[in-house]
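In the numbering used here, the protein residues as written are 4 to 563.
Backbone N, C-alpha and C fix where the C-beta goes; we use that ideal spot for every residue, glycine too.
Small disclaimer: the values here were computed from a predicted structure and weren't measured.
Worksheet: one structure, shown below.
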C-alpha cells in the first residue's frame with residue numbers, strides 16, 4: 004500500500020489557499036497510485052490559529068471548506084486533513100473544540116480523530132481552545148488481500164513515552180494504546196516548531212518509540228514561518244526496529260511516498276541533516292523572514308546598515324530570503340559614525356548586491372537639541388541624547404517603510420534584547436526582529452560560516468567581523484563599556500534564561516557574583532522594552548516571544 008506524505012506550508016486563516024495545497028497534493032498522490040495521503044496538524048487553517056478559534060464564523064467557514072474539499076478530492080484516495088471539530092459535549096463544561104484529523108474518502112468526512120494530549124508549555128496554549136479526547140483512534144485500509152490498521156496521533160500525542168522522558172508524566176499513553184490495538188502503522192500529523200538541533204531529539208524519541216512498541220511510525224510535520232514560529236518540516240519514518248527509512252527536506256515543502264507492506268515501511272529518501280549548527284540556523288531564519296514577508300503581504304525589505312555585524316547578518320538573511328533586488332539598506336551617519344563603518348556598510352551591500360541610500364542625521368540631532376534646550380538646561384549630555392540618535396534613525400526608517408511600503412526589519416540580537424542594550428522607538432523599530440533570538444556569539448559564528456560556505460567567498464567583510472562592536476552614539480564607544488564580554492554574557496544569559504539557573508548556580512559555574520547579579524538585574528529591567536518589541540523569530544528553547552510570559556512590574560529580590 005502506498006502512503007503519500009504532503010509536507011505543506013499553510014498560511015494561517017487562508018482556508019481556500021490551504022485547501023488548494025491539500026487538493027494539489029491529493030491529485031499528485033492519486034496520479035502516483037497512492038492509497039492514503041497524510042497532511043500536517045491543522046493543515047486546513049494553519050498552525051497556530053490562536054484566537055481565530057474563538058470566532059464562530061471562522062470555525063463555520065472551516066467546516067464548510069472541509070466539506071467542499073472532501074467533494075473535490077479523488078474519490079478513491081483516503082486523505083487525512085488537520086482541522087478542528089466542535090465538541091458536542093461542551094455544554095457539560097468542556098472546551099468547545101477538538102484539535103482533529105478528518106478522514107476524507109469518497110467525497111465525505113468519514114471519520115474524525117481527536118488529539119489526546121494538549122501542550123500548555125513554551126509557545127503552546129492548546130487548553131485555551133481544545134478539549135482533550137479520551138480514546139486513541141485507528142482506521143482500516145484494504146489493499147489486495149490484506150487490511151492494514153493505521154493508528155492516528157496528533158503532534159503531542161507522540162511526545163509522551165515515559166520510558167524516553169523519565170521526568171515527564173502524562174495522563175495517558177496514546178502510543179501504548181495503539182500498540183495494544185495491534186495497529187500496523189502509527190501516523191503522527193504534527194506542527195512542531197523549530198528550535199536548534201530539535202530534529203536530533205525528535206528522531207531519537209521516534210526511533211525509541213517505534214522500537215519499544217515494535218510498530219512503524221510515520222511523522223509528518225508542517226513547514227514554514229508563522230509569525231515568530233518557524234516550522235522546519237523534516238518529516239520522518241521509522242520501522243518497528245527503530246531504523247530510519249525516510250527523512251523529508253528541511254525548511255521546504257516536500258512530497259514523498261512510502262510503501263507499507265506486511266513487514267513494515269519501504270526504504271525511502273533520507274535527506275541529510277545540515278552539516279553544522281550554523282547551516283541549520285541559517286535555513287530556519289531565511290525561511291522565517293521569507294514567509295513573514297510573504298504572508299504579511301510585503302515584497303520588499305528595508306533595514307538600517309550601521310557597518311556593524313548584526314545589521315550585516317540581517318541584510319544577508321534578507322537578501323537570500325526575498326532576493327537582493329528587493330532589499331534596501333539605509334546608512335544613517337552621525338558625527339560619531341566612523342569612516343570605517345560607512346566603508347564597511349557599502350562593501351557589505353556590494354557583496355550582497357542590495358540597494359543602499361545614505362542619510363545624514365546631524366541636522367536632525369541639532370534640531371532636537373535646540374527644541375529640548377530649555378527643558379534640558381543645566382544637565383549633562385548622556386544616555387538621553389545618545390538614544391535620540393537611535394530614535395531619529397528609527398523614525399527615518401519607519402518613514403521609508405510607510406512611504407514605500409517596505410517591511411522594516413530590526414537588527415538587534417538576543418544578547419542585546421536580554422539586557423536592554425537597545426533603544427525603544429529607535430533601533431527596536433520594525434515589523435520583524437529577524438535575529439532577536441540569536442545570541443551575539445552566534446551572530447559571529449553565522450557570519451564566519453557565511454564566509455566559508457562558498458569556498459571562502461567573502462559575504463561579510465572581515466573588517467566587520469574583526470572590529471569591536473559599537474553603537475557609535477558617542478566618541479570611542481564600544482559595547483564592552485556597558486556590558487561584560489559577549490562570550491561571558493551569553494553563557495550567563497543561556498544559564499539564566501534557557502536553563503533557569505539561579506544566581507547562586509551561575510556563580511558556582513565560575514562567574515563573579517557582581518557580574519551575575521548585574522546581568523540578572525538588566526534582564527528584569529528590560530522587560531518593558533521586550534514587551535513592545537517586534538516579533539522575533541524563535542530558534543532556541545526559550546525565546547523572548549510567545550513563550551516568554553514575565554511580568555513587567557515585578558520585584559525579583561526574593562527570587563534570585
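Closest residue to residue 513 among 495, 501, 523 (Cα-Cα distance): 495
For residue 243 and residue 259, the rounded distance between their alpha carbons: Cα-Cα distance, rounded: 20 Å.
For residue 6, the first and last residue of its enclosing beta strand (DSSP E): 5-10
Cβ distance (whole Å) where residue 435 is taken to contact residue 537 below 8 Å: 6 Å
Apply the 10 Å Cβ neighbour rule to residue 263 and answer buried if 16 or more other Cβ atoms are within range, or exposed otherwise. buried
Assign residue 461 to one of three DSSP states: helix, strand, or coil. coil
Go to residue 204, then tell me how far its beta strand (DSSP E) extends in each direction, as first and last residue. Premise fails: residue 204 lies in the alpha helix (DSSP H), 201-216, not in any beta strand (DSSP E).
May I ask you to verify whether the stretch 539-559 touches the stretch 497-504, counting CB pairs closer than 8 Å and requiring at least 3? yes
Among 221, 493, 468, 291, nearest to residue 14 - alpha-carbon criterion: With distances taken between Cα atoms, residue 14 lies closest to 291.
Complete runs of the alpha helix (DSSP H) confined to the stretch 56-120 [at least 4 residues]: If you keep only unbroken alpha helix (DSSP H) runs of at least 4 residues inside the stretch 56-120, you get 59-75.
Would you check if the stretch 49-68 and the stretch 15-30 touch, i.e. whether three or more CB-CB distances between them fall below 8 Å? yes
So, with DSSP's three-state summary, where would you put residue 499? helix
Cut-off 6 Å between Cβ atoms - residues of its own chain near residue 7, not counting five sequence neighbours on either side: 32, 37, 40, 260
Which value, in whole angstroms, describes the spacing of the CA atoms of residue 417 and residue 518? The straight-line gap separating the alpha-carbon atoms of residue 417 and residue 518 is approximately 18 Å.
So, helix, strand or coil for residue 130, using DSSP? When secondary structure is reduced to three states using DSSP, residue 130 falls in the helix class.
Burial state of residue 310, where buried means 16 or more other Cβ atoms lie within 10 Å: buried
Rounded to whole angstroms, what's the CA-CA distance from residue 429 to residue 462? Just pull it up for me. 27 Å
Looking only at DSSP bridge pairs, what is residue 140 linked to? 155
I'd like to know if the stretch 344-359 and the stretch 321-334 are in contact, where contact means that at least 3 CB-CB pairs between them fall below 8 Å. Segments in contact, yes.
By the DSSP assignment, the alpha helix (DSSP H) with residue 193 in it spans what residues? For residue 193, there is no enclosing alpha helix (DSSP H); the residue is part of the beta strand (DSSP E) that begins and ends at 188-193.
Option nearest residue 273 by Cα separation, candidates 239, 493, 373: 239
Residues bridged to residue 224 by DSSP? According to DSSP, residue 224 shares a beta bridge with 193.
In angstroms with no decimal places, state the Cα-to-Cα distance between residue 206 and residue 102. 24 Å
Could you check if residue 265 is buried or exposed, using at least 16 other CB atoms within 10 Å of its CB as the buried criterion? exposed
Boundaries of the alpha helix (DSSP H) in which residue 257 is found, first to last residue: No alpha helix (DSSP H) holds residue 257; the beta strand (DSSP E) holding it covers 257-264.
Just verifying my parser: in three-state terms, what is the DSSP assignment at residue 599? Since the first residue shown for the chain is 4 and the last is 563, residue 599 is missing from the structure and cannot be characterised.
Please determine, among 318, 300, 188, the residue with the shortest C-alpha to C-alpha distance to residue 408. 300
With DSSP collapsed to three states, give me the class of residue 543. coil
Given 8 Å as the limit, is there contact between the stretch 221-239 and the stretch 282-298, that is, 3 or more CB pairs closer than that? yes
Assuming residue 321 is part of the alpha helix (DSSP H), what are its boundary residues? 312-325
Exposed or buried, residue 162, counting other C-beta atoms within 10 Å across all chains shown (16 or more means buried)? buried
So, helix, strand or coil for residue 371, using DSSP? helix
Backbone CA spacing between residue 295 and residue 183 [nearest angstrom]: Our two residues, residue 295 and residue 183, have alpha carbons roughly 43 Å apart in a direct line.
In chain order, what residues of the same chain have a beta carbon less than 7 Å from the beta carbon of residue 133, not counting five sequence neighbours either side? Only residues of its own chain outside the window of five on either side were considered, and among them 98, 100, 101, 102, 118, 121 have a CB closer than 7 Å to the CB of residue 133, listed in chain order.
Rounded straight-line distance, which links the Cα of residue 209 to that of residue 187: Roughly 16 Å separates the two Cα atoms.
Strand pairing of residue 145, partner residues [DSSP]: 150
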